[in-house]
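Some notes on the structure that comes next.
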Amino acid sequence: MCSGLIDSLFLLLLYFSIHHSASLSTYLNISMHSVNMKHILKWSQLQTACSTFNHTVQFQGEYELHKLNGSWVDAYDCQEIRENRCDLTHDLASNSDYSIRIKTNCDGQKSWTQLPKTFNRKDTVLLTPEMIVNVEGDPIQVGFNTTLSAITVKLKVWTEGDEQNALTDMTRAYPYHFSIAAHRGKEKMCFRAEALVDAINKSCSTDTQCVIMHKQTSDMPVIVSVAVVIALAVAFILGWSVTRFSPQIKHIICHREPIPSALLNNCPARAPNLFTVSSEPTEPLLVLVPTLVQMETNER
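Numbered according to mature numbering (1 follows the signal peptide of the UniProt record, and there is no 0), the sequence shown spans residues -23 to -1, 1 to 277.
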């Protein structure tokens, strides 16, 4: 009797546990959003009231399925999280089919919800890069605005109406920039690019963009005119400065020093007389003597 009651209670408890787990799974709507090789797993909020809860994301690729006896791997950044999204970009790193599931823990009750179908990163949606053509300078600059990484960009350039003779250039280096020699004139130059994701061998192409390559006018006349105006202005300023400040400049450069007072005191009051004394017939000398010396000489 007691044994039968215990069995009944155990079955009832098992039923409610299974039903509760199933109810948790029912309200988790899982989907994968993969754009430009960035893989984000999203799911709906829990509808069941839980005082404490968390989610753990697991994945299983072909390697885990066939080589590791069907084991599951915890996503590195999505263990026991409370958010309803998980970035699996670095976890799903091969071109295999991945099964993905979420373990939900609600007040100690665990439930599992699996993505309805396997995911392969080859299914990612590629957004066409934005092509920016700058024709102002020479050479022409062509750049791309994209979130894709590790891609190959092929650029085709041709004169409008002559695509069969298009020139092709290619780069794998970010930021995926090209410098194209300009054929300026009245004809249009057309550009179209293809972005290839080498890892999944998938590509997308931009729309064709054609622009008129106007001939650039030379800046030399403008430069010469500006230089002449500046030279005339400098010459006028220098001429006016010399006229206006000539005395001050002369005073600064040619400064006159005053005669020392010692020289002024030793000088005679009267101006010296000049006379010639011939000490030798053949060598006349001109001697400067004061007036008193001259008078004594005359008396002798």
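We put the beta carbon where it would ideally sit given N, CA and C, even for glycine.
Starting from residue i, trace the alpha helix (DSSP H) both ways and give me its first and last residue.
i, result
"L5", "Careful: L5 lies outside any alpha helix (DSSP H) and carries neither H nor E."
"H43", "39 to 43"
DSSP three-state call for residue i: helix, strand or coil?
i, result
"W217", "helix"
"I128", "strand"
"K99", "helix"
"N142", "helix"
"A(-2)", "Here A(-2) scores only 47 on pLDDT, less than 50, and its place in the model should not be relied on; the value that follows carries that caveat. In the structure shown, A(-2) sits in a helix (DSSP, three-state: H, G or I)."
"I177", "coil"
"S73", "coil"
"A158", "coil"
"A172", "strand"
"V206", "helix"
"V201", "helix"
"V112", "coil"
"N82", "strand"
For residue i, would you say it is in contact with chain B, using Cβ-to-Cβ distances shorter than 7 Å as the test?
i, result
"I177", "Any reference to chain B falls outside this structure, which holds one protein chain only."
For the beta strand (DSSP E) that residue i lies in, which residues bound it at each end?
i, result
"residue 278", "With the chain covering -23 to 277 only, the question about residue 278 has no answer from this structure."
"T90", "86 to 91"
"N122", "117 to 122"
"V188", "186 to 189"
Please identify the residue among the options whose C-alpha is closest to the C-alpha of residue i.
i, options, result
"T183", "G138, E171, D146", "E171"
"L132", "L45, L144, I177, A210", "L144"
"N31", "P116, G85, E113, I128", "G85"
"H191", "I200, D146, E113, H154", "E113"
"K19", "H43, R78, D51, S28", "R78"
"M108", "P152, W217, R98, Q141", "P152"
"A158", "S180, A176, W135", "W135"
"G138", "R149, F168, N111, A127", "F168"
"K165", "C83, I177, Q186", "Q186"
"S126", "I177, K94, C83", "I177"
"E60", "V50, L23, P93, D51", "L23"
"A150", "Q141, F121, E140, N142", "F121"
"T25", "S88, D146, P116, Q118", "S88"
"T95", "L42, I58, K80", "L42"
"S156", "N82, Q118, I58, C63", "Q118"
"S180", "T81, V50, K99", "K99"
"H67", "T81, V201, D51", "D51"
"P93", "A210, A208, V203, L5", "L5"
"L69", "V34, C83, T81", "V34"
"Y53", "L65, K44, N46, G47", "L65"
"T124", "D146, V174, P116", "V174"
"C55", "I17, I189, L45, M147", "I17"
"V188", "A212, V205, V110, V130", "V110"
"M9", "N97, A210, T29", "N97"
"H154", "L45, P116, Q141", "P116"
Residue ranges of each alpha helix (DSSP H) within the segment 16 to 71, 4 or longer: 39 to 43
Stretch pair the segment 92 to 105 + the segment 12 to 19: three plus CB contacts closer than 8 Å: yes
Inter-stretch contact at 8 Å, needing at least 3 Cβ pairs: the segment 71 to 81 / the segment 28 to 42: yes
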